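Heads up: the structure comes next, in C-alpha cells.
There are 2 protein chains.
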Amino acid sequence: MPTTTPKPGAPVRGSKSGRPIMALLDLLGRRWALRVIFELKDGPMRFRALQETCDQVSPTMLNMRLKELREVDIVQKTNDGYCLTEMGQDLWNLFEPLRGWADRWAKRQG
Amino acid sequence: MPTTTPKPGAPVRGSKSGRPIMALLDLLGRRWALRVIFELKDGPMRFRALQETCDQVSPTMLNMRLKELREVDIVQKTNDGYCLTEMGQDLWNLFEPLRGWADRWAKRQG
DNA sequence: ACTACTGCTACTTTTTATGTAGCACAAGGA
DNA sequence: TCCTTGTGCTACATAAAAAGTAGCAGTAGT
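Chain order of the listed sequences is W and H. Quick note, my numbering runs 3 ahead of the 1-based positions in the first sequence. Quick note, my numbering runs 3 ahead of the 1-based positions in the second sequence.
Written out as C-alpha cells, the structure reads:
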C-alpha cells in the first residue's frame, strides 16, 4: 500500500478521524514539505533552483513533495515555475511569526 | 552517523546555515513532532496516554521525539507527565490559527 | 510475594529518503 | 542538420528513519 497524500476529510496516517488539522500535520510533517513552502514564499522557482535552495534535496523527493502539495492546492505550477497558491500563501503567512519565535529560541539555548 | 537533534546555531540536516528557522523546520518536519506538541497543548500527559492519542505511535518513536523536544526546551517532564515548556506553549500558540486554515482548506477540497 | 502500571529498550521488518545516473523534450545557435 | 544548454523529471540501488512487537526494570499497592 503506497503512501497517499493526506487530504482533509479522509483518514490519514496518524489519524483515523480525517480531521483537517490532522491531515495538515501529517502533510507538513513530511521531510522537506515545510522547507519547500518556505522557499516558495517569495515567488516562483523552477524545479532545479528549488532543488538547490533546498540543499540539493534529491529530485525524487522534491518531485514527490511537489506532487503532494499540488494535489492539495498549496502549490501550483506556472510558466515561471512552482509557486504557492493563494491558500499556500495564507498558510505561510500563519507561519511567518515562527521566525521571531525561532530567534528567541536560539538566544535561550545559548 | 546517527541523526542529531537540530538546534539553533548549529548546522542541521537540510541546512548548512544553522539559522534558527531552519533548525526549527527540520525539527518540526520529523514524524510525530508536530502531533506531539499538538497533543500536549492542553496539559500534561503520561507516556502511554500520549502514545494512545497519537494513534499508537511506537514507543521507540515517541521516546525519540520526546528526547529531542526536551533537549531543545520545547517539552519538559513533570510529576504529572510530559508537558510543553513556556517556549513550547508559545510555539503552539503560533500554530493555533492553523486549525482555522485547515477547516477552510477542507471546504475548498470538497 | 504478587499484581498492575509506568516508562521505557531491543530487535526485526517495512517504509521513506538519499544519491547518482540519465532520459525526453524544447529552445537556440553554428 | 546536428550540437549544445537547460529543464523537468524517472529509475534504481543504498541508507536512514519509522513501525510493530516483545518484554524488562522500577515503583506502588495489597
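Backbone N, C-alpha and C fix where the C-beta goes; we use that ideal spot for every residue, glycine too. Remember, predicted model here, so these are calculated numbers, not experimental data.
Return the chain-ordered list of same chain residues with a C-beta closer than 6 Å to the C-beta of residue i, the five sequence neighbours on each side being excluded.
| i | result |
| --- | --- |
| Glu71(H) | Thr8 |
Taking 7 Å as the threshold (beta carbon to beta carbon), is residue i in contact with chain W?
| i | result |
| --- | --- |
| Gln112(H) | yes |
| Arg38(H) | yes |
| Leu53(H) | no |
| Pro11(H) | yes |
| Arg68(H) | no |
| Pro23(H) | yes |
| Asp45(H) | no |
Considering only residues of the same chain and omitting the five flanking positions on each side of residue i, which have a CB-CB separation below 7 Å?
| i | result |
| --- | --- |
| Lys10(W) | Ala26, Val75 |
| Gly12(H) | Gly21 |
| Leu43(W) | Val78, Tyr85, Cys86, Leu87 |
For residue i, which option in the options has the closest C-alpha, if you only look at C-alpha atoms?
| i | options | result |
| --- | --- | --- |
| Leu101(W) | Thr6(H), Val15(H), Leu28(H) | Leu28(H) |
| Gln92(H) | Trp108(H), Asp106(H), Val39(H), Ile24(H) | Val39(H) |
| Gly46(H) | Ala109(H), Ser61(H), Trp108(H), Glu89(H) | Glu89(H) |
Which same chain residues, not among the five before or five after residue i, have their C-beta less than 8 Å away from its C-beta?
| i | result |
| --- | --- |
| Met4(H) | Confidence at Met4(H) is low in this model, with a pLDDT of 46, below 50, so its placement is unreliable and no value can be given for it. |
| Thr6(H) | Arg16 |
At least one CB of chain H closer than 7 Å to the CB of residue i: is that the case?
| i | result |
| --- | --- |
| Arg102(W) | yes |
| Gly91(W) | no |
Q.
Check whether the segment 80-98 of chain W and the segment 74-83 of chain H are in contact - that is, three or more C-beta pairs closer than 8 Å.
A. No, the segment 80-98 of chain W is not in contact with the segment 74-83 of chain H.
(Q) For a minimum of 3 consecutive residues, which ranges assigned as the beta strand (DSSP E) are wholly contained in the segment 70-97 of chain H? (A) Listed in chain order, they are 78-81, 84-87.
Q.
So, does the segment 43-53 of chain H touch the segment 85-94 of chain H, judging by three or more C-beta pairs under 8 Å?
A. Below 8 Å, enough C-beta pairs join the segment 43-53 of chain H and the segment 85-94 of chain H to call them touching: three or more.
Q. Below 8 Å, can you find three or more Cβ-Cβ pairs linking the segment 30-47 of chain W to the segment 31-49 of chain H?
A. Touching, yes, given that three or more Cβ pairs across the two stretches are closer than 8 Å.
Q.
Quick check for students: name the residue ranges of the alpha helix (DSSP H) that lie wholly in the segment 10-47 of chain W, counting only runs of 4 or more.
A. Listed in chain order, the complete alpha helix (DSSP H) runs (minimum 4 residues) inside the segment 10-47 of chain W are 23-31, 36-43.
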